[in-house]
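Participant:
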Amino acid sequence: MTTHTDDTKTTGYAAEVPVRLNWSQHAPEVYKAMIRLDTAAKRGLDPVLYELVKIRASQINHCALCLDMHTKDALAAGESVERIVQLAAWEESRHFYTEKELAAIELTEAVTVLTDGFVSDEVYAKAAGHFDEPELAQLIAAITTINAWNRFGVTCRMTPGHYTPGGHA
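To get this note's numbering, take the position in the sequence shown, counting from 1, and add 1346.
(1) Which two residues bound the contiguous alpha helix (DSSP H) that contains Trp1436?
(2) Between which two residues does the alpha helix (DSSP H) carrying Asp1462 extend?
(3) Helix, strand or coil for Tyr1396? Go by DSSP, reduced to three states.
(4) Is DSSP giving Met1347 helix, strand or coil here?
(5) I need the DSSP call for Tyr1377, collapsed to helix, strand or coil.
(6) By Cβ distance, which residues of its chain are closer than 6 Å to Arg1402, with the 5 residues on each side in sequence left out?
(7) Give the DSSP-derived three-state secondary structure of Ala1361 in the structure shown.
(8) Among His1441, Ser1404, Ala1494 and Pro1511, which residue has its Cα nearest to the Cα of Tyr1377?
(9) Would you grab the beta carbon distance between Cys1502 and Val1365 for me? Rounded to a whole angstrom, and I think it's under 8 Å.
(10) Can you give the beta carbon distance from Ala1379 to Glu1397, rounded, assuming they're within the 8 Å contact cut?
(11) Just tell me which of Ile1406, Ala1474, Gln1371 and Lys1388 has its CA closest to the CA of Thr1461.
(12) Take Leu1411 and list the residues in its own chain whose beta-carbon comes closer than 6 Å to its own, dropping the five residues that flank it on each side.
(13) DSSP on Tyr1443, reduced to helix/strand/coil?
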């Protein structure tokens, strides 16, 4: 059986797709502002919940870099592999999560997928029932911020696999 190694030497695996644009190098002030926004958005949120939200949005947006980063950070924060794996099918795996986490995950999906045109009153009310207003505002900020990161990662084709947990703390 062929294994993938951390030093990026591979046998039998496809070649790593090159990055299209190192946007942070060419727009350093925007990158620094995103770091500040990310730091501000997570204040007051449970670190594990914060990572679950980031993973779920990144799954929806197909951002490989963010999936790599936030699954590693979630594991480092004490999250279980099982809950991370089940997150993509959370509706069928509800028993892995608390009601508060489920409300946050559902809100994450509603904010991330705006093709329906809005976040429903039902989804918002469910989240508002589990988070006080300041915490809900922070949660919405965290969801919005990871969606922005995802757009940079996907558009610029940022490469996963090289992140070390806590690397962007």
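Backbone N, C-alpha and C fix where the C-beta goes; we use that ideal spot for every residue, glycine too.
Facilitator: Let's see:
(1) Stepping through the sequence shown from its first residue, residue 1436 is reached at position 90. No alpha helix (DSSP H) contains Trp1436, which DSSP labels as neither H nor E.
(2) By one-based count along the sequence shown, residue 1462 stands at place 116. Where Asp1462 is concerned, there is no enclosing alpha helix (DSSP H), given that its DSSP letter is neither H nor E.
(3) As a position in the sequence shown, residue 1396 is number 50, starting the count at 1. Three-state DSSP puts Tyr1396 in a helix.
(4) Here residue 1347 refers to the residue found at position 1 of the sequence shown. At Met1347, the pLDDT of 42 sits below 50, so the modelled position is not reliable and the matter cannot be decided from this model.
(5) In the sequence shown, counting from the first residue as 1, residue 1377 sits at position 31. Note: Tyr1377 maps to helix in three-state DSSP.
(6) Taking the first residue of the sequence shown as 1, we reach residue 1402 at position 56. The residues are Leu1433, Ile1451 and Thr1454.
(7) For the purposes of this step, residue 1361 is identified with residue 15 of the sequence shown, where counting begins at 1. The answer is coil: DSSP assigns Ala1361 none of H, G, I, E or B.
(8) Position 31 of the sequence shown, counted from the first residue, corresponds to residue 1377. It is Ala1494.
(9) Here residue 1502 refers to the residue found at position 156 when the sequence shown is read from its first residue. Here residue 1365 refers to the residue found at position 19 when the sequence shown is read from its first residue. So it is a contact: roughly 6 Å between Cβ atoms.
(10) Here residue 1379 is taken as the residue at index 33 of the sequence shown, counted from 1. Here residue 1397 is taken as the residue at index 51 of the sequence shown, counted from 1. Actually they are not in contact, since the Cβ atoms of Ala1379 and Glu1397 sit about 22 Å apart, beyond 8 Å.
(11) Translated into positions along the sequence shown, residue 1461 becomes position 115. When each option's Cα is compared against that of Thr1461, the closest is Ile1406.
(12) Position 65 of the sequence shown holds residue 1411. So the list reads Gly1499, Met1504 and Pro1506, once near-sequence residues are dropped.
(13) Your numbering for residue 1443 matches position 97 in the sequence shown. Tyr1443: coil per DSSP, three-state reduction.
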